[in-house]
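Residue numbers (our numbering): 61 to 322.
Note that CB positions come from ideal geometry on N, CA and C, so glycine has one too.
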């Protein structure tokens with residue numbers, strides 16, 4: 061009698077590897093140029109160890125062409141897209157930056173209303189193995205920070221995602237002043253990585269950053285599953301006590317098999 065053998069683990073090695081995406085959302089250490097120069101090599105070592113595929117940097121200030129986020133990208137050998145509404149002729153430009161070690165096939169920028177220093181959202185379309193994924197970056201901390209103003213900016217962002225996503229898996233790396241309940245209700249279909257049971261990471265403790273939900277990665281539950289969460293943290297300065305300076309988080313997401321690929 062013929063029987064069908066049970067496949068061993070070795071026999072299943074031909075199965076495709078899971079499509080994992082590691083995405084960070086963070087802010088750079090606060091301080092003047094000299095303090096940044098002292099800390100940037102530490103941050104570079106941290107990111108080299110963590111190896112995120114994409115890094116979204118919030119509240120970037122580019123002064124006379126010098127961009128700290130793009131400095132990191134150069135050292136890491138990532139691409140760098142500076143997302144800003146400020147004209148190139150402006151001496152000090154405000155925005156965010158999207159760093160990627162994955163191939164980028166498309167990018168885009170939009171302005172969220174009411175406009176402000178950091179009210180520009182950006183998008184990268186990256187290739188993860190054979191799949192295309194949209195990554196949006198936004199800082200939803202309007203001025204004034206009122207529910208109606210937050211809702212306007214969030215609505216602008218969701219409308220833009222609907223117009224540019226082309227049905228591809230999408231996520232949002234951002235900093236959110238709304239509380240978690242408001243954030244979830246205003247971004248239907250998206251799940252905060254920090255909200256998953258058993259995967260909680262304390263929000264960053266940056267000086268001068270307001271409360272609310274904070275830095276996080278929102279992912280479409282129809283396309284992604286969370287695989288883990290970890291902090292991005294600088295070591296504590298010599299002679300000081302504490303667990304270091306938290307700058308943000310890295311979320312590891314698995315692209316579901318049924319996700320659209322092109």
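Problem - residue 281 classed as buried or exposed, judged by whether at least 16 other C-beta atoms fall within 10 angstroms - result: Residue burial is scored here from C-beta neighbours: residue 281 has fewer than 16 other C-beta atoms within 10 angstroms and is therefore classed as exposed.
Problem - Straight-line Cα distance separating residue 96 from residue 90 - result: 7 Å
Problem - C-alpha distance - residue 277 paired with residue 234, whole-angstrom precision - result: 6 Å
Exercise for the section: Determine the direct distance from the alpha carbon of residue 133 to that of residue 207, and round the result to whole angstroms. Expected result: The alpha-carbon of residue 207 is positioned some 35 Å away from that of residue 133.
Handout entry: Under 8 Å between C-beta atoms of residue 129 and residue 292
Key = no
Practice task
Inspect the beta-carbon positions of residue 323 and residue 155 and report whether they are closer than 8 Å.
Solution key: This structure leaves residue 323 out entirely; the chain is present only between 61 and 322.
Practice task
Identify whether residue 141 lies in helix, strand or coil by the three-state DSSP scheme.
Solution key: Strand.
Exercise for the section: Hey, could you find the ends of the beta strand (DSSP E) residue 201 is sitting in? Expected result: No beta strand (DSSP E) holds residue 201; DSSP gives it neither H nor E.
Handout entry: Identity of the residue in 213, 225 and 272 nearest residue 236 by Cα
Key = 272
Problem - residue 289 versus residue 142: straight-line alpha-carbon distance, rounded - result: 25 Å
Problem - Reduced DSSP category for residue 207 - H, G, I as helix; E, B as strand; rest coil - result: In the structure shown, the three-state DSSP call for residue 207 is helix.
Exercise for the section: Run the CB neighbour count on residue 216, radius 10 Å, all protein chains shown included, and call it buried at 16 or more, exposed below. Expected result: buried
Problem - Three-state secondary structure assigned by DSSP to residue 121 - result: strand
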